[in-house]
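Structure record follows, encoded as structure tokens.
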Amino acid sequence: MSLLNDIRGPRDLDGLTRDELRTLAGEVREFLVENVARTGGHLGPNLGVVELTIALHRVFDSPGDPIIFDTGHQSYVHKLLTGRQDFSKLRSRGGLAGYPQRAESEHDVVESSHASSSLSWADGISRAFTRTGRKDRHVVAVVGDGALTGGMTWEALNNISDDNDRNLVIVVNDNGRSYAPTIGGMARYLNRVRTADSYESLRRGSAGFFHRLGPVGRAVYRGVRGGTHGFLSRFTNNAALYSNLDIKYLGPIDGHDFEALEETLQLAKEYSAPVIVHTITEKGRGYEPARRDEADQFHAVGKIDPTTGEPLGSSDAVAWTDVFSEALVAAGERRDDVIAMTAAMLRPTGLQAFAQRFPDRVYDVGIAEQHAVASSAGLAYGGLHPVVAIYATFMNRAFDQVVMDVALHRAGVTFVLDRSGVTGPDGPSHHGVWDLAMLQLVPGIRIAAPRDGERLRELFDEAIEVADAPTVVRFPKGTIPAALEAVERREDGVDVLYRGGSEDVLIVAIGPMAQLAMEVAERLRAQGIGATVVDPRWAVPIQPSIVELARAHRLVITLEDGIRVGGVGTRVRQVLREAGVDTAVDELGLPGKFIDHASREEILRDAGLTPSKIAQDVVAQVLGTRIPIARPAEDAGAIWLADEARHGEA
């Protein structure tokens with residue numbers, strides 16, 4: 061009989077014995093491997109926090125005691141223990157989200173999956189509880205050692221230590237890794253503690269000594285356990301890390317030992333002031349393929365064989381990241397001044413090959429995007445050309461540094477934004493839909509959006525030649541499409557991809573939206589409407605060719621995989637007006653709202669970004685029945701409505 065099947069909420073854990081808890085932990089790991097293998101998701105981080113999550117829910121009373129998971133990719137176990145055991149559609153539309161989500165459960169508090177913010181949340185919630193007289197409630201933040209490399213955690217700790225009159229427990233889930241091994245001076249410090257023979261021998265010896273004394277000895281051991289932990293931390297010198305913060309430190313303890321976990325968490329709960337509980341865990345625990353994976357211990361996986369851990373499906377497809385990786389290595393071969401920088405994402409952003417070829421020309425700064433961008437300005441001042449590779453969604457965190465440190469100082473820095481546009485299953489905090497609207501505000505910036513692999517190589521090489529301004533190269537998640545060749549390249553670098561008869565509609569397609577634009581143009585041509593499709597290549601600034609072509613056409617359609625509000629389409633319209641061009645512009649893109657997890661195709665369909673829907677609307681605009689209305693043409697009577705347009709084929 062399965063214990064996991066009987067868990068419908070945290071209080072169902074209360075009556076379990078130690079042996080039953082160990083059995084439950086095994087069942088949870090089997091469940092995770094079996095289910096995540098079918099859907100893909102964050103496997104390694106969750107396998108590492110099974111005992112810790114069970115212990116947290118036994119000691120604390122969620123949701124009365126909010127549990128905040130930093131980043132949230134380790135929240136699957138939490139979902140299982142709070143009544144969410146249907147993982148059949150994990151990260152798919154209608155199924156569980158891959159991160160905490162308030163709409164799913166009252167036990168989920170923070171659903172932003174950007175790292176290093178949990179302590180600030182915990183600081184605010186605990187202050188609110190104290191100020192409103194709810195001193196019986198506790199706040200728990202679970203933060204990984206990787207997230208501790210982010211500056212926000214230390215800003216929060218500085219404020220938490222300034223006001224010790226609240227019930228706040230900070231659990232450090234220390235497995236030595238974020239995606240890959242955690243980097244930096246603090247990581248080296250924690251690693252010395254994690255691997256110290258003195259710590260392990262002292263912990264085992266003290267526990268064994270007291271337990272040999274029988275019930276009385278065990279009672280004494282429980283009573284002095286806090287002092288023992290304090291001694292252990294002093295013995296390993298780990299408390300020195302927090303010595304100036306005036307926060308109680310307990311640990312380090314074995315994050316897979318139920319008794320140690322519950323005793324220590326109970327002590328922290330009773331302390332009535334902020335406490336740091338340092339737990340040492342093993343990412344991928346209990347699943348040998350994950351433990352053997354040196355890259356990231358199955359941090360995030362696609363669909364895999366649950367027995368072998370091998371990926372399912374074809375491995376021949378080439379990803380956008382792979383093409384960038386090759387282009388970066390080639391640039392490094394040509395130019396000694398090209399260096400690479402990332403924020404704890406060396407492999408995911410494609411820097412691993414460059415790091416192997418040029419190990420002294422790569423800087424991984426940890427989860428510190430603001431520092432990465434400001435530091436890149438300094439590198440540029442020193443005569444280098446930094447290539448800063450970051451997921452598009454995380455670029456939001458460093459906007460001020462892009463403006464004030466890079467752009468203001470006219471620094472030649474190239475930002476490579478992976479996972480731009482719709483990313484799909486990871487949900488609202490991971491869609492890279494803000495970068496175009498956000499970054500085009502920066503004075504002097506140049507933003508490139510390649511439509512295929514050839515253009516990615518080409519535009520990256522052009523970007524690193526710019527020495528007096530920031531440049532951006534953005535591309536989406538997934539497999540790279542077949543090359544789409546231009547029929548003409550204009551003098552300013554704009555590619556004309558398609559000419560379909562008369563100059564009725566100009567479609568300006570940004571990056572990977574080019575193929576969609578081609579399909580729309582074919583549909584329009586079949587209905588007697590001439591279309592021209594262009595790929596600006598450099599989406600920002602707007603090139604003169606776009607203005608010239610817009611002047612000659614009756615209607616302009618812009619297509620982008622970013623939000624419409626303040627997007628490239630908006631900029632096109634403004635530039636046309638400044639140039640005295642009154643051609644109507646319809647800006648198509650994603651809505652200005654948070655988009656739930658779903659497939660890329662589902663999300664684009666919801667936004668009306670399908671060939672049939674766009675073509676249907678354009679026909680109506682050309683005929684004057686939909687705003688914005690195309691300029692009249694002498695041959696407008698030649699346009700006819702096909703059945704699919706009349707009947708609104710989806």
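With my numbering, letter number 351 in the sequence shown gets 411, and the count goes up by one each step, no holes. Glycine is no exception: its CB is placed at the ideal position from the N, C-alpha and C atoms.
Ignore the nearest five residues each way along the sequence and tell me which others in Gly346's own chain have a CB closer than 7 Å to its CB. Arg89, Leu107
Identify every residue that forms a DSSP beta bridge with Pro371. Ile364
Inter-stretch contact (C-beta, 8 Å, three-pair minimum) for the stretch 631–647 and the stretch 463–472: no
Which residues DSSP lists as bridging Thr474, in chain order: Val447, Thr531
Hey, how far is the Cα of Leu63 from the Cα of Arg515? 54 Å
Buried or exposed for Ala188, going by 16 or more other Cβ atoms inside 10 Å? exposed
In angstroms with no decimal places, state the Cα-to-Cα distance between Asp223 and Ala458. 29 Å
Identify the continuous alpha helix (DSSP H) that holds Ile589 and give its terminal residues. Per DSSP, Ile589 belongs to no alpha helix (DSSP H) and is neither H nor E.
Roughly how many angstroms lie between the CA atoms of Glu260 and Val119, to the nearest whole one? Model confidence at Glu260 stands at a pLDDT of 48, short of 50, so the residue's coordinates are unreliable and nothing is read from them.
Please report the distance separating the alpha-carbon of Gly287 from that of Leu228. Here the model assigns Gly287 a pLDDT of 34, short of 50, so the residue's position is not dependable, and the following value carries that caveat. Roughly 20 Å between the two C-alpha positions.
Starting from Arg660 and walking both ways along the alpha helix (DSSP H), at which residues does that stretch end? 660–666
State the Cα-Cα distance for the pair Asp397 and Gly443, rounded to the nearest angstrom. 7 Å
Compare the beta carbon distance of Gly668 and Ala497 with 7 Å and say whether it is the shorter of the two. No, the Cβ-Cβ distance between Gly668 and Ala497 is not below 7 Å.
Environment of Tyr136 [buried if 16+ CB atoms lie within 10 Å]: Tyr136 counts as buried, since no fewer than 16 other beta carbons sit within 10 angstroms of its beta carbon.
Of all the alpha helix (DSSP H) runs that stay within the bounds of the stretch 132–210, which reach a length of 4 or more residues? 136–141, 178–191
Just the Cα atoms here: how many angstroms apart are Glu518 and Glu525? 11 Å
By how many angstroms is the C-alpha of Pro503 removed from the C-alpha of Thr592? 30 Å
Do His657 and Phe530 count as a contact pair if the criterion is CB distance below 7 Å? The question names Phe, but residue 530 is Pro in the sequence shown. The Cβ-Cβ distance between Pro530 and His657 does not fall below 7 Å.
Can you give me the C-alpha to C-alpha distance between Ala85 and Val96, rounded to a whole angstrom? 16 Å
Beta-carbon spacing of Ala690, Val682 below 7 Å: yes
In the DSSP assignment, find the alpha helix (DSSP H) that holds Asp677 and state where it starts and stops. 671–683
Comparing C-alpha positions only, which one of Glu215, Met455, Lys149, Leu327 sits nearest to Lys10? Lying before the first or after the last residue shown, residue 10 is absent from the chain, which here runs from 61 to 710.
Considering only the alpha carbon of each residue, which of Ser435, Asp376, Val378 lies closest to Ala400? Ser435
Check whether the stretch 487–497 touches the stretch 545–558, counting contact only when three or more Cβ pairs, one atom from each stretch, lie closer than 8 Å. no
Backbone CA spacing between Val199 and Arg624 [nearest angstrom]: 38 Å
Between Val424 and Leu406, is the Cβ-Cβ spacing less than 7 Å? Sequence check: residue 424 is Asp here, not Val. Their beta carbons are under 7 Å apart, which means Asp424 touches Leu406 by this criterion.
Using DSSP bridges, identify the partner residues of Gly346. Gly346 is not bridged to any residue.
What does DSSP give as the partner residues of Phe129 in its beta bridges? Val202
Where Asn233 falls: helix, strand or coil (DSSP): strand
Taking its Cβ as the centre, do 16 or more other Cβ atoms sit within 10 Å of Asn35, making it buried, or is it exposed? Lying before the first or after the last residue shown, residue 35 is absent from the chain, which here runs from 61 to 710.
Check whether Asp314 and Arg197 have beta carbons under 7 Å apart: no
Which residues DSSP lists as bridging Ile399, in chain order: According to DSSP, which records beta bridges pairwise, Ile399 is partnered with Pro446.
Per DSSP, what kind of secondary structure is Arg515 in: helix, strand or coil? helix
Do Lys308 and Val337 come within 7 Å of each other at the CB atom, strictly closer than that value? no
For Ala612, does the count of other Cβ atoms within 10 angstroms reach 16, so buried, or fall short, so exposed? exposed
Exposed or buried, which one is Ile220 when buried takes at least 16 other CB atoms within 10 Å? buried
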